[in-house]
Amino acid sequence: MKKNEFSTNFLCAFLDSLSFCCFTFSKDVEQSIFIG
(Lines of atoms letter the chains of each structure in order from A and count residues from 1; the text may use other names and numbers.)
(Lines give C-alpha, C1' and ligand atoms only; values in the text may rest on other atoms or scores of the structure.)
Protein backbone atom coordinates (compact mmCIF):
# COMPACT_ATOMS: atom_id res chain seq x y z
CA MET A 1 0.00 0.00 0.00
CA LYS A 2 2.73 2.44 0.98
CA LYS A 3 4.82 1.63 -2.08
CA ASN A 4 1.83 2.05 -4.39
CA GLU A 5 1.05 5.37 -2.75
CA PHE A 6 4.62 6.50 -3.27
CA SER A 7 4.65 5.56 -6.96
CA THR A 8 1.38 7.42 -7.46
CA ASN A 9 2.81 10.52 -5.81
CA PHE A 10 5.94 10.21 -7.91
CA LEU A 11 3.87 9.87 -11.06
CA CYS A 12 1.82 12.93 -10.14
CA ALA A 13 4.95 14.95 -9.45
CA PHE A 14 6.48 13.73 -12.72
CA LEU A 15 3.39 14.69 -14.70
CA ASP A 16 3.26 18.04 -12.92
CA SER A 17 6.84 18.88 -13.86
CA LEU A 18 6.25 17.58 -17.38
CA SER A 19 3.19 19.76 -17.91
CA PHE A 20 5.05 22.71 -16.41
CA CYS A 21 7.93 22.16 -18.86
CA CYS A 22 5.50 21.91 -21.75
CA PHE A 23 3.71 25.06 -20.58
CA THR A 24 6.97 26.99 -20.28
CA PHE A 25 8.17 25.68 -23.64
CA SER A 26 4.94 26.65 -25.41
CA LYS A 27 5.13 30.09 -23.81
CA ASP A 28 8.68 30.52 -25.10
CA VAL A 29 7.63 29.41 -28.58
CA GLU A 30 4.68 31.79 -28.52
CA GLN A 31 6.92 34.70 -27.50
CA SER A 32 9.52 33.93 -30.16
CA ILE A 33 6.82 33.69 -32.83
CA PHE A 34 5.22 36.91 -31.55
CA ILE A 35 8.56 38.74 -31.47
CA GLY A 36 9.75 37.22 -34.73
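Residue numbering for the sequence shown is -3 to 32, as defined by the numbering used here. For every residue, glycine included, the Cβ atom is placed at its ideal position computed from N, Cα and C. Since we're looking at a predicted model, the values are computed, not measured.
For residue 19 and residue 5, the rounded distance between their alpha carbons: The residue labelled residue 5 in the question sits at position 9 within the sequence shown. The residue labelled residue 19 in the question sits at position 23 within the sequence shown. Distance between the alpha carbons of residue 5 and residue 19 is about 21 angstroms.
Contacts around residue 0, its chain only, beta-carbon distance under 6 angstroms, and the 5 residues preceding and following it disregarded: Within the sequence shown, residue 0 is the residue found at index 4, counting from 1. Within the same chain, residue 0 has no close Cβ partners at all.
Backbone CA spacing between residue 22 and residue -2 [nearest angstrom]: Within the sequence shown, residue 22 is the residue found at index 26, counting from 1. Within the sequence shown, residue -2 is the residue found at index 2, counting from 1. Rounded to whole angstroms, residue 22 to residue -2 spans 36 angstroms at the Cα level.
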